[in-house]
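When we follow our numbering, the leftmost residue of the sequence shown carries the number 712, and every step to the right adds one.
First up is the structure itself, then whatever we jot down about it.
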Amino acid sequence: MTDSTPHVSICLPVYNGDNYVRQAIESILAQTFEDFELIISDNASTDATGDICRAASERDNRVRYFRADENRGLAWNFNRAFSFARGKYSMWIGHDDLMAPEYVARCVKAMEQDADLVLCYAAMDYIDCNGNLIKIVDQSNPAVLDRPSWRFFSVLFQPNCDPIFGLMRTEMLKQTKLHGGFADSDHVLLAEMALRGRFHLLRERLFSKRYHARRTTNLYADLRERTLVFDPVNGGRVFFPLALEAKEFLSAINRAALPVNERLRCYQHLLHWLWVIRRRIGNDIGCGLKSIGRRCLRHETPARPQSLSG
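This is the structure in structure tokens:
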């Protein structure tokens, strides 16, 4: 690996991803913007992932490969990959996703032209296991507005977290809590970034998100199961995923440098969000209480599912 500091850090967390990780790596190494490092954090894979990634690091000195001794969960691995980042800008990519050759270049150009931007991402398409187009995503920019409270509101009610795969200012990202050990923590992370600045959406489709049978959100559609994937330590705890998410939204507001009136508006938006999802919260609490009851009756400890994407 070269000793020079790269301009961009691309973070690729992976666990047992030998089916797609080679394609993801190739799409990264084919970028027209060449001043980057590719950080691969392997969460103790048991398949051929390690061999594929080590071969890439031997072939290209921009690739840095790190392997964990055990699987510590998806959130830990995403954050671990970022912990090695040295660039002015950083971004994540899933081991099963692809980026167009000009993706990084276009994002860097936009960020360099506007110092108020904290994140730049592109329109996406969804592809299947064979790379065939499934859907062209009609995306809007959830955080283009000037007021932090408006940006917070728009991210709070955004139906997906696709901007999480955009280019971000590393120093701004370091001010956040990164990925938390609960399902949908990327939603909170995007809200934290939106409280710090505006997002920019490139209208060209420059990123492909792959949907397949073994994608984590497909295998673990239930929030409680997915929370265990994000952090296996939760397997020995009593937890309520939506309550964890709400708590971290509140923490994000409290930690952000906001004028009093903007902070109050953010609290108001959070209360609105809680009201909108009140039935889901009720179901979350009900499922949690049932889980506690079953464990008490059977003296069980929940199984700890393996992280599949990171």
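Using N, Cα and C, we set each Cβ at its ideal position, and we do this for glycine too.
Here the structure is a predicted model, which is why all the values come from computation and not from measurement.
Just confirm the distance between the C-beta atoms of residue i and residue j, as a whole number of angstroms; I'd bet it's less than 8 Å.
i     : j    : result
M802  : L878 : 5 Å
L961  : L981 : 6 Å
G1021 : N730 : Contact flag wrong, Cβ pair sits at about 15 Å.
R956  : V899 : The sequence given here places Glu at residue 956; Arg does not occur at that position. With a Cβ gap of about 6 Å, E956 and V899 count as contacting.
S720  : F747 : 7 Å
A833  : R916 : 7 Å
Y814  : R880 : Contact flag wrong, Cβ pair sits at about 17 Å.
G891  : A786 : 6 Å
I804  : A735 : 6 Å
Using C-beta distances below 6 Å, list every residue in its chain close to residue i, excluding the 5 sequence neighbours before and after it, in chain order.
i    : result
D873 : M835
H911 : A821, L828, C831
D807 : Y731, R921
S792 : The question names Ser, yet the displayed sequence has Ala at residue 792. For A792, where only same-chain residues beyond five positions count, the Cβ hits under 6 Å are C722, P724, I750, S752.
L889 : N790
S756 : Y726, N727
A816 : T743, F744
N788 : P724, S752, N754, G1021
D897 : C872, I875
A967 : L906
W861 : none
Here's the rule I'm using: 16 or more other beta-carbon atoms within 10 Å means buried, otherwise exposed. How should residue i be labelled?
i     : result
D882  : Contrary to the premise, residue 882 reads as Glu rather than Asp in this sequence. Label assigned to E882: exposed.
G997  : exposed
W986  : exposed
E745  : exposed
I845  : exposed
I847  : exposed
H983  : exposed
T743  : exposed
H923  : exposed
R907  : buried
R1025 : Within the shown structure, residues of the chain are numbered from 712 to 1021, placing residue 1025 beyond reach of any answer.
R976  : buried
A905  : buried
P970  : exposed
V944  : exposed
T928  : exposed
Once you ignore the five residues that flank residue i on each side, which residues in its own chain have a CB closer than 7 Å to its CB?
i    : result
M712 : Residue placement at M712 is flagged as unreliable, the pLDDT there being 46, under the threshold of 50; a coordinate-derived value is accordingly withheld.
L901 : V866, C872, P874, I875
Y978 : I964
P812 : A741, Q742, T743
R914 : A834
F863 : A902, A905, L906, C977, H980
S738 : L809, M810
Report all residues from its chain with a CB closer than 8 Å to the CB of residue i; omit the five preceding and five following residues, and keep chain order.
i    : result
L740 : L749, A767, D771, R773, V774
S953 : The amino acid at residue 953 is misidentified as Ser; the sequence shows Leu. The answer, listed in chain order, is L934, I988, R991, I992, D995.
P717 : D746, F747, E748, R773, R797, G798
E959 : K888, G891, F893, S896, V899
A826 : none
R765 : Y776
L884 : F793, S801, M904
Determine, using beta carbons only, whether residue i comes closer than 9 Å to chain E.
i    : result
D995 : No chain E appears in the structure shown, which is made up of a single protein chain.
If contact is defined by three or more beta carbon pairs under 8 Å, each pair taking one atom from either stretch, is the region 776-794 in contact with the region 737-753?
yes
For the structure I just gave you, are there three or more beta carbon pairs, one from the region 755-766 and one from the region 834-848, closer than 8 Å?
no
Could I get the ranges of all uninterrupted alpha helix (DSSP H) runs contained in the region 728-807, with 4 residues as the minimum, in chain order?
732-740, 760-770, 785-794
Would the region 935-945 count as touching the region 855-871 if we require 3 or more Cβ pairs under 8 Å?
no
Which runs of the alpha helix (DSSP H) fall wholly inside the region 853-889 and span at least 4 residues, in chain order?
859-867, 881-885
Contiguous alpha helix (DSSP H) assignments of at least 4 residues, all confined to the region 889-973
Segments of the alpha helix (DSSP H) lying fully in the region 889-973: 896-905, 927-930, 934-941, 952-966.
Of all the alpha helix (DSSP H) runs that stay within the bounds of the region 803-842, which reach a length of 4 or more residues?
814-824
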